[in-house]
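Below you'll find the structure, written out as C-alpha cells, and then a few comments.
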Amino acid sequence: FVSNAKKDDVNAALEAAHLPRDTVTLVFNPIVVNTGSKLIAIDTGYGAAEAKPNTTHGQYQQNLAAAGIDARAIDTVIISHYHADHVNGLLGADDKPAFPNAEILVPAAEHKFWMDDGEMSRASPGRMQGLFKDNRRVMSGEIL
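Heads up: the sequence shown begins at 2 in our numbering, then just goes up one per residue.
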C-alpha cells in the first residue's frame, strides 16, 4: 500500500502506532444521510464486484439492507472523488447501477480530469492507468 517507503520503515511506523506489522488496515465508511424527505448516500465503497472473503470490501449493499435501507430508495448519491473505494459501489455485481433511482452528483473538475483522453495518455503505467480505466468503466453513460 505504501509504495514509496521501505517495508522496514512501514513496519516500524506500524509498531510505533501499536499496530501489527505487515498489515495495513483501511476502513472506508460510506454514509447515508436521511434529511426527512430524501436519502442521500455519500460515496459508495468498493462495490459488490469487489467483495473478497474475510474483508469488508463490497458489503455496502448488504449493510444498507441490514439498516433497513433499500438501495432503490436512495434519492441522491454524492461522490467525493474518483477512487475505487468511493465510486465502484455505483455498480452492482452485475455491472448495473446499484442505485437505479438516484441522481448521481460528482465534482465537475474530478470528472473532467478522469474522462480527459489527454490526461489518460499522460498517466503513468500501472496504478494510474488502471484508475483511469476503472473510473471510465464505472462512470459510463448508464451512471452519468
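Each residue gets a CB set at the ideal place from its N, CA and C atoms; glycine is no exception.
Item, Value
"List the residues that DSSP assigns as beta-bridge partners of Ala-42.", "Val-33, Val-78"
"Please name the residue, chosen from Ala-85, Arg-22, Lys-39, that lies closest to Ala-50 on a Cα-to-Cα basis.", "Ala-85"
"Could you say which of Gly-48, Asp-76, Asn-55 lies nearest to Gln-63 if we only look at CA atoms?", "Gly-48"
"Could you pull out every residue in the same chain whose Cβ sits closer than 8 Å to the Cβ of Ser-81, ignoring the five residues on either side in sequence?", "Ile-43, Asp-44, His-87, Pro-108"
"I'd like the span of the alpha helix (DSSP H) that includes Leu-92, first residue to last.", "Neither: Leu-92 is in no alpha helix (DSSP H) and is coded neither H nor E."
"Rounding to the nearest angstrom, what Cα-Cα distance links Gly-59 and Asn-12 in this structure?", "27 Å"
"When DSSP builds the beta bridges, which residues end up paired with Glu-104?", "Thr-77"
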